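Reading the sequence shown from the start, the letters are residues 1 to 372 in UniProt numbering. Just so it is clear, CB atoms sit at the ideal spot from N, CA and C, and this is done for glycine as well. For clarity, every value in this text was computed on a predicted model and none was experimentally measured.
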Amino acid sequence: MFHIKNRMRLPFSTTPLSLVLILSPMLLCFLISFQLFFHKETLFYSSSQRQFRSDDGLYYYTPPHYNDSSLDVRNFVYTGVCNKVFKYKPNNRRDLWLTAVGFRDELYWQNIKKDTRLAFGLSQSSIPSADRVSLLLEGLQFDEFYSAAKQYGVRVEVVKFTKDGQDATRRFLAYLDFLKKNKGKYDRVLISDQRDVFIFADFFSTFSQDDLIFAAECEYGGVNCIRFDEINNFKAIEQAYGVDEANRFKNNRSILINVGTVFGGVDRVEKYLERMVSNIDEKEWGRWYYDQALHNHVFYTYYYNNKLENITVETCTQRFCFREKNTIVYNKVRKTLKTKNTGCSPVLRHKIAAKGFYIDADWYKGKLNIIK
Numbered sequence: 001m002f003h004i005k006n007r008m009r010l011p012f013s014t015t016p017l018s019l020v021l022i023l024s025p026m027l028l029c030f031l032i033s034f035q036l037f038f039h040k041e042t043l044f045y046s047s048s049q050r051q052f053r054s055d056d057g058l059y060y061y062t063p064p065h066y067n068d069s070s071l072d073v074r075n076f077v078y079t080g081v082c083n084k085v086f087k088y089k090p091n092n093r094r095d096l097w098l099t100a101v102g103f104r105d106e107l108y109w110q111n112i113k114k115d116t117r118l119a120f121g122l123s124q125s126s127i128p129s130a131d132r133v134s135l136l137l138e139g140l141q142f143d144e145f146y147s148a149a150k151q152y153g154v155r156v157e158v159v160k161f162t163k164d165g166q167d168a169t170r171r172f173l174a175y176l177d178f179l180k181k182n183k184g185k186y187d188r189v190l191i192s193d194q195r196d197v198f199i200f201a202d203f204f205s206t207f208s209q210d211d212l213i214f215a216a217e218c219e220y221g222g223v224n225c226i227r228f229d230e231i232n233n234f235k236a237i238e239q240a241y242g243v244d245e246a247n248r249f250k251n252n253r254s255i256l257i258n259v260g261t262v263f264g265g266v267d268r269v270e271k272y273l274e275r276m277v278s279n280i281d282e283k284e285w286g287r288w289y290y291d292q293a294l295h296n297h298v299f300y301t302y303y304y305n306n307k308l309e310n311i312t313v314e315t316c317t318q319r320f321c322f323r324e325k326n327t328i329v330y331n332k333v334r335k336t337l338k339t340k341n342t343g344c345s346p347v348l349r350h351k352i353a354a355k356g357f358y359i360d361a362d363w364y365k366g367k368l369n370i371i372k
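Next comes the structure, spelled out in structure tokens:
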């Protein structure tokens, strides 16, 4: 028992107040010490953060919170069955979102500026703990681009290989070089177009480092897939590999695999990039859309029907969709997107054409030019 000797008697009216003033700091120190001893981690994470227990430890993450005049991902539907897509550990410092861009003229930057800012802003909300890197290819540089990247926590690295070749193709040399120089730093990687890949929620928690995932150009449920009877894709193969190869793709009803997004374990993605780079034809790589022909050549040569590779082809699901056109619903009041088939909100989308909301819809708003 704690005793106070020679205690001075204070007037009754002041005693409670004095005790409060004396004991409050002591009580506060005790509570802080108790918290530090038993719950060290809670001092470093806000109440909005959540935790995920993985085989290699406990991970903390912040739910996506992006909000602007058109979108509020805080209202997106990721609960109940819509949460099942998030099977793996959340984004962390060993994850990498790797993009690339080159500016040949100011008009191109002006055309992509709005979508670039949206893509960067969403990534800061959805995958904030991942390393987010944009490789700037040789060409023009714009302060606005650097400013947008800095604002949203995207690291810009200037790379110098060659000014030859179309930017969409020579970026693959930059991707491969970056991964080789940063060997051992990452487990999972998403390589994608910079300006038109929109990550609404934690994309990294939807795949593992054992995966290698390619993206088919389909609508939700794997319907209305783009094939090589579409004239632009037929011509891309024809110009790069000849008319016989183009006809083979068309007659086989091969589905177009989009070059803009590949994701999975870093070792598997690096191997894919090695195959891309080794198959580049420098006589062709200056032509626009050659990268798409090259990508499909690599996919159908090395991966298609190859059981040893154990890949996934994503058509159009909650996790990823190249273009969601007829099934995506936009709520203007709540500023949300969801797929009407499931009621779930998307995790990543390349292009969206919803009533009242478009992002990088391109020519998909119109009809396809199909070869008869």
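Asked, Found
"Taking SER129 and ASN92 to be in contact with their CB atoms under 8 Å, please state how far apart those CB atoms are, rounded to whole angstroms.", "5 Å"
"On the CB-based measure, 16 or more other CB atoms within 10 Å of its CB, does ARG171 come out buried or exposed?", "buried"
"Which runs of the beta strand (DSSP E), 3 residues or longer, sit entirely within the segment 154-195?", "155-158 and 188-192"
"Helix, strand or coil, according to DSSP, for residue 374 in the structure here?", "The requested residue 374 does not occur in the structure, where the chain is confined to residues 1 to 372."
"Between the C-alpha atoms of PRO63 and PHE203, what's the straight-line distance to the nearest angstrom?", "12 Å"
"Using only the alpha-carbon positions, how far apart do GLU314 and GLU106 sit?", "35 Å"
"Could you check what DSSP says for GLY71 in three-state terms: helix, strand or coil?", "At residue 71 the sequence reads Leu, which differs from the Gly that was named. Note: LEU71 maps to coil in three-state DSSP."
"In terms of residues, what are the limits of the beta strand (DSSP E) holding GLU314?", "312-314"
"Could you have a look at ILE237 and say whether DSSP puts it in helix, strand or coil?", "helix"
"Which class does residue 386 belong to by DSSP, given the choice of helix, strand or coil?", "Absent from the structure is residue 386, since the part of the chain shown begins at 1 and ends at 372."
"Assuming PHE228 and LEU256 make a contact with CB atoms under 8 Å, what is their CB distance in whole Å?", "7 Å"
"Going along the chain, which unbroken runs of the beta strand (DSSP E) with 3 or more residues stay wholly within the segment 200-283?", "212-216 and 257-265"
"Between the Cα of GLY153 and the Cα atoms of LEU137, SER126, ASP167 and GLN141, which residue gives the shortest distance?", "SER126"
"Per the DSSP calculation, ARG132 is bridged to which residue(s)?", "TRP97"
"Could you spell out where the alpha helix (DSSP H) holding TYR290 opens and where it closes?", "290-298"
"Please list the terminal residues of the continuous alpha helix (DSSP H) segment that includes PHE145.", "143-151"
"Roughly how many angstroms lie between the CA atoms of PHE320 and VAL333, to the nearest whole one?", "25 Å"
"Please classify SER33: is it buried, with 16 or more other beta-carbons within 10 angstroms of its beta-carbon, or exposed?", "Unreliable positioning characterises SER33 in this predicted model, as indicated by a pLDDT of 39, which lies under 50. The coordinate reading is nonetheless provided below. Exposed."
"Do you know whose CA, among ARG323, ALA236 and THR342, lies nearest ASN296's CA?", "ALA236"
"Along the chain, where does the alpha helix (DSSP H) that runs through ASN111 open and close?", "106-126"
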